[in-house]
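Asks: Just so you know, we're using the working numbering here: the sequence shown kicks off at 6 and counts up by one. Built from N, CA and C at the ideal position, the CB exists for glycine as well. Okay, here's the structure, questions in a sec.
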Amino acid sequence: MEGNYTKCIEERFARATGLILLDVKVTVALLRYIRRCYSSTPRIGGLGMGREHMNLEMLKYILRTAPQNRKRHKKLYDQVRLPKLLLPSPRDVKACSDYWGLQLTNNIR
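So, in structure tokens, the structure goes:
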């Protein structure tokens, strides 16, 4: 599951067969956001409305909110009694996708 499902997390975990935590560091998220804002290449999954513009609210989210969310997500991860996998870096995501035979459509850094 992706996104902010805090209100229904227990119900989601009750139906889940496993958990993969993509634990992106703040520096990685910030660099990706800056690259996205200044790249002339269309973003895969983007809305196709041109380049994304730097946004103070997004910067606040990345620098203030996301670190707190990471702590909360890691705590949930540690408590969940499901098969689980922690992928703490883009290199780990790439290695896992290669192992599973998945083809990533963009360059994960």
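Rounding to the nearest angstrom, what Cα-Cα distance links residue 83 and residue 39 in this structure?
Replies: As a working mapping, residue 83 is identified with position 78 in the sequence shown. As a working mapping, residue 39 is identified with position 34 in the sequence shown. Their backbone Cα atoms lie some 31 Å apart in a straight line.
Asks: What residue does the beta strand (DSSP E) around residue 79 start on, and which one ends it?
Replies: Position 74 of the sequence shown, counted from the start, is the residue given in the question as residue 79. Per DSSP, residue 79 belongs to no beta strand (DSSP E); it is in the alpha helix (DSSP H), 71–84.
Asks: Pull up the DSSP beta-bridge partners for residue 27, would you.
Replies: Mapped onto the sequence shown, residue 27 falls at position 22. Paired residues: 92.
Asks: Out of 110, 108, 97, which has the shortest C-alpha to C-alpha gap to residue 26?
Replies: Within the sequence shown, numbered from 1, the residue matching residue 26 stands at position 21. Residue 26 has its Cα closest to that of 97, out of 110, 108, 97.
Asks: Give the straight-line distance between the Cα atoms of residue 20 and residue 100, rounded to the nearest whole angstrom.
Replies: Locating residue 20 in the sequence shown gives position 15, where the first residue counts as 1. Locating residue 100 in the sequence shown gives position 95, where the first residue counts as 1. Distance between the alpha carbons of residue 20 and residue 100: 27 Å.
Asks: May I have the straight-line CA-CA distance separating residue 76 from residue 45, to the nearest angstrom?
Replies: Here the question's residue 76 lines up with position 71 in the sequence shown. Here the question's residue 45 lines up with position 40 in the sequence shown. For residue 76 and residue 45, the distance between alpha carbons rounds to 34 Å.
Asks: Alpha carbon to alpha carbon, how far is residue 60 from residue 35?
Replies: What you label residue 60 is simply residue 55 of the sequence shown in a count that begins at 1. What you label residue 35 is simply residue 30 of the sequence shown in a count that begins at 1. Rounded to whole angstroms, residue 60 to residue 35 spans 12 Å at the Cα level.
Asks: Give the straight-line distance between the Cα atoms of residue 95 and residue 11, rounded to the nearest whole angstrom.
Replies: Taking the first residue of the sequence shown as position 1, residue 95 is located at position 90. Taking the first residue of the sequence shown as position 1, residue 11 is located at position 6. Near 25 Å, if we compare the C-alpha coordinates of residue 11 and residue 95.
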